[in-house]
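Residue numbers (the numbering used here): 2 to 521. We treat Cβ as the ideally placed atom computed from N, Cα and C, and that holds for glycine.
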């Protein structure tokens, strides 16, 4: 950064001396204005952005103290260094209340200039950091609709030094940060997002702009431009965004989407402009478009009722049960195509994903699956869905989940064909009714003799043994957790005859229901 410096002195020899005998470039400074008095300096300040003013105290018209006061009241970001004679020193100290950086005696001031300028630069850096933090907080509050009243927004912008004439807004979202960098620490994570911010600042360095981090994976750039350049900037902004995406891709290997607002002309429209950029970003995520523009005539409704989520998910679950990976994947694709066509909000799509996972995990409810890591990672699957940042991420995650489920169901050592699973489902749903082999066979639409042989072959256990064991397991739970009488528990598990219930209970547990209850 080059700091812009103004020298104010009514003696031309002093002005020329400071210009010639100070190596401004080595101080990261550029001498842009020399004025002969305070009034002249004041006029320059209306049109020139100055970082450091070096001014004499005694000058005609407006002296250095008055100029320091004016700077304090109207250009507080600009730092002032006073040049003074020994006789003026006590008077010069009255300027302390105006936050003057330093006082330099005019006898050979060039020796002290570098030290004073360095002090001013450090103060400017601290001030800019503080101001940047305040601006970031304000921009985030507007973005999150915590501040929405146009007049309040306009006043805050003026207070924080955000000056917008004509402007556009670009919202950036990093989509693959967590996925590609699962081992990244929080500090490294913040550093990466700040690097994207740096890329944005580089791309827009020739324009007045404000770039803020909104969340761990979102940034926003407000880019201001002159009115007559609106059409030019409508082309320039997308080109600059492409530069940013290219830098991210080359150096960081992430996927970034950008949403761009319409041009706006008033600070009162800032909240509206944010909404447009966010809508454009959402559309871009839906259609996997890297840079998306807001279209005011896009009146597509969400149409949530037309997305038959439960119907699709029921069909996907059926295909998972049948171990039909191809049809399950096709049905998932159709579901997501329906989401896109209806512009369903991503939170609704996540809810559908959670439902699909929940119903899939129910397929693994039997004890034979209890030790599988896949089954024990149910909460992890739900967290992955919640952490997805785009529809594409959700689709990929659920596709992988479906394939894993089918692979486990069909894997050696854990094989249980579709009919066996349907039998187990029937038992779970109807154990409390008076069901038998014939009832179950009709439920799965096969011959009872064939079903009995198949079930025994696949599981090593007679079907009626499985039914009775399930009933007794449920009866044990009821006996442990209720004050029900024995005959009530028997009816609760589908056995009307208490004597027969006692016989079956004793057969599978070694004790009678009454003895079991007494031991609790």
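Nearest to residue 256 (by Cα), restricted to the options 390, 215 and 265 = Your numbering for residue 256 matches position 255 in the chain shown. When C-alpha distances from residue 256 are compared across 390, 215 and 265, the shortest belongs to 390.
Can you list, in chain order, the residues of its chain whose CB lies under 7 Å from that of residue 277, leaving out five sequence neighbours each side?
-> Here residue 277 corresponds to residue number 276 of the chain shown, with the count starting at 1. 262, 263 and 295.
Shortest alpha-carbon distance to residue 11 belongs to which of 20, 23, 56 and 4?
-> Numbered from 1 along the chain shown, position 10 holds the residue referred to as residue 11. Here the closest residue by C-alpha is 56.
Using DSSP bridges, identify the partner residues of residue 506.
-> Here residue 506 corresponds to residue number 505 of the chain shown, with the count starting at 1. None; residue 506 has no bridge partner.
Enumerate in chain order the residues of its own chain whose CB-to-CB distance from residue 179 is below 7 Å, with the five nearest sequence positions on each side excluded.
-> Within the chain shown, the letter at position 178 stands for residue 179. Unreliable positioning characterises residue 179 in this predicted model, as indicated by a pLDDT of 46, which lies under 50. A coordinate reading is not provided.
Beta-bridge partners of residue 260, as assigned by DSSP | Taking the chain shown and counting its residues from 1, one reaches residue 260 at position 259. DSSP output for residue 260 lists 172 and 293 as bridge partner(s).
Going by DSSP, what residues sit across from residue 7 in a beta bridge?
-> The residue labelled residue 7 in the question sits at position 6 within the chain shown. According to DSSP, residue 7 bridges with 34 and 54.
Taking just the CA atoms, how far does residue 393 sit from residue 326?
-> For the purposes of this step, residue 326 is taken as the residue at position 325 of the chain shown. For the purposes of this step, residue 393 is taken as the residue at position 392 of the chain shown. Rounded to whole angstroms, residue 326 to residue 393 spans 19 Å at the Cα level.
Endpoints, beta strand (DSSP E) assigned at residue 420 = As a position in the chain shown, residue 420 is number 419, starting the count at 1. Careful: residue 420 lies outside any beta strand (DSSP E), inside the alpha helix (DSSP H) at 419 to 431.
Out of curiosity, what's the CA-to-CA distance linking residue 76 and residue 162?
-> Taking the first residue of the chain shown as 1, we reach residue 76 at position 75. Taking the first residue of the chain shown as 1, we reach residue 162 at position 161. Distance between the alpha carbons of residue 76 and residue 162 is about 10 Å.
Cα-Cα separation, residue 360 to residue 318 | The residue given as residue 360 occupies position 359 in the chain shown. The residue given as residue 318 occupies position 317 in the chain shown. If I take the Cα positions, the gap works out to 7 Å.
Per-residue DSSP class, three states only, for residue 484 = The residue given as residue 484 occupies position 483 in the chain shown. The DSSP-derived three-state label of residue 484 is coil.
Under the assumption that residue 120 contacts residue 85 (Cβ atoms under 8 Å), give the Cβ distance between them as a whole number of angstroms.
-> The residue given as residue 120 occupies position 119 in the chain shown. The residue given as residue 85 occupies position 84 in the chain shown. Contact flag wrong, Cβ pair sits at about 16 Å.
Apart from the five residues just before and just after residue 481, which ones in its own chain have a Cβ nearer than 6 Å to its Cβ?
-> One-based indexing of the chain shown puts residue 481 at position 480. Correct list, in chain order: 521.
Go through its chain and collect everything with a Cβ distance to residue 485's Cβ below 8 Å, but skip five positions before and after it.
-> Position 484 of the chain shown holds residue 485. Excluding residues within five positions, the ones whose Cβ falls inside 8 Å are 479 and 493.
Simplified DSSP assignment, three categories, for residue 137 | Working through the chain shown from its first residue, we reach residue 137 at position 136. The answer is helix: DSSP assigns residue 137 an H, G or I state.
Under 6 Å Cβ to Cβ from residue 442, same chain only, skipping five residues before and after it: list those, please.
-> Start at 1 with the first residue of the chain shown, and residue 442 comes out as number 441. Around residue 442: 449 and 452.
Contact with chain B by residue 432, beta-carbon distance below 9 Å | The question asks about chain B, but that chain is absent: this structure has only one protein chain.
Between the C-alpha atoms of residue 227 and residue 374, what's the straight-line distance to the nearest angstrom?
-> As a first step, residue 227 is located in the chain shown; it is residue number 226 there, counting from the start. As a first step, residue 374 is located in the chain shown; it is residue number 373 there, counting from the start. Cα to Cα, the separation comes out at about 60 Å.
Can you give, in chain order, each stretch of the beta strand (DSSP E) that sits fully within the segment 75 to 159 and has at least 3 residues?
-> Counting only runs of 3 or more, we get 80 to 85 and 103 to 106.
Apply the 10 Å Cβ neighbour rule to residue 415 and answer buried if 16 or more other Cβ atoms are within range, or exposed otherwise.
-> Stepping through the chain shown from its first residue, residue 415 is reached at position 414. Low per-residue confidence applies at residue 415: pLDDT is 46, beneath 50, and the placement is therefore not dependable, though the value from the model is reported in the following sentence. Exposed, since its Cβ has fewer than 16 Cβ neighbours within 10 Å.
Residue 110 versus residue 147 - alpha carbon distance = Sequence index remark: in the chain shown, residue 110 carries index 109 (1-based). Sequence index remark: in the chain shown, residue 147 carries index 146 (1-based). In a straight line, the C-alpha of residue 110 is about 51 Å away from that of residue 147.
Verify whether the separation of the beta carbon atoms of residue 206 and residue 224 is less than 9 Å.
-> Against the chain shown, residue 206 aligns to sequence position 205. Against the chain shown, residue 224 aligns to sequence position 223. The criterion of a C-beta distance shorter than 9 Å is not satisfied by residue 206 and residue 224.
Which class does residue 216 belong to by DSSP, given the choice of helix, strand or coil?
-> If you number the chain shown from 1, residue 216 lands on position 215. Correct three-state label for residue 216: strand.
Selected residue, minimal CA-CA separation from residue 476, among 92, 513, 419 and 447 = Position 475 of the chain shown, counted from the start, is the residue given in the question as residue 476. If we check each option's Cα against that of residue 476, 513 comes out closest.
Give me the Cα-Cα distance between residue 343 and residue 322, rounded to the nearest whole angstrom.
-> Here residue 343 is taken as the residue at index 342 of the chain shown, counted from 1. Here residue 322 is taken as the residue at index 321 of the chain shown, counted from 1. Using only the alpha carbons, I get a separation of about 29 Å.
Kindly indicate the opening and closing residues of the alpha helix (DSSP H) around residue 381.
-> Start at 1 with the first residue of the chain shown, and residue 381 comes out as number 380. Residue 381 -> alpha helix (DSSP H) spans 379 to 388.
Beta-bridge pairing of residue 252 - partner residues as DSSP gives them = Within the chain shown, the letter at position 251 stands for residue 252. Partner(s): none; residue 252 has no beta bridge.
Measure the C-alpha to C-alpha separation of residue 347 and residue 128 and round it to an integer number of angstroms.
-> Reading the chain shown from its first residue, position 346 is the one you call residue 347. Reading the chain shown from its first residue, position 127 is the one you call residue 128. Looking at the two C-alpha atoms, the distance is approximately 40 Å.
In chain order, what residues of the same chain have a beta carbon less than 7 Å from the beta carbon of residue 5, not counting five sequence neighbours either side?
-> The count along the chain shown starts at 1 and reaches residue 5 at position 4. For residue 5, where only same-chain residues beyond five positions count, the Cβ hits under 7 Å are 31, 33, 50, 51 and 52.
Whole-angstrom C-beta distance between residue 37 and residue 66, which should lie under 8 Å = Sequence index remark: in the chain shown, residue 66 carries index 65 (1-based). Sequence index remark: in the chain shown, residue 37 carries index 36 (1-based). Not really, about 17 Å apart at Cβ, beyond 8 Å.
Hey, how far is the Cα of residue 365 from the Cα of residue 316?
-> The residue you call residue 365 lines up with position 364 of the chain shown. The residue you call residue 316 lines up with position 315 of the chain shown. C-alpha separation (whole angstroms): 18 Å.
Based on Cα-Cα distance, which residue from 58, 104 and 43 lies nearest to residue 74?
-> Taking the chain shown and counting its residues from 1, the one referred to as residue 74 is at position 73. Looking at the Cα atoms, 43 is the closest of the given residues.
Closer than 6 Å by C-beta to residue 337: which residues in its own chain qualify, once you throw out the five before and the five after it? Chain order, please.
-> Locating residue 337 in the chain shown gives position 336, counting from the first residue. If we look at residue 337 and ignore the five residues flanking it on each side, its Cβ neighbours are 396.
Classify residue 208 as helix, strand or coil using the three-state DSSP reduction.
-> Position 207 of the chain shown, counting from 1, holds the residue named residue 208. Note: residue 208 maps to coil in three-state DSSP.
Can you tell me which of the three DSSP states residue 409 falls into?
-> Taking the chain shown and counting its residues from 1, the one referred to as residue 409 is at position 408. DSSP places residue 409 in helix when its eight states are reduced to three.
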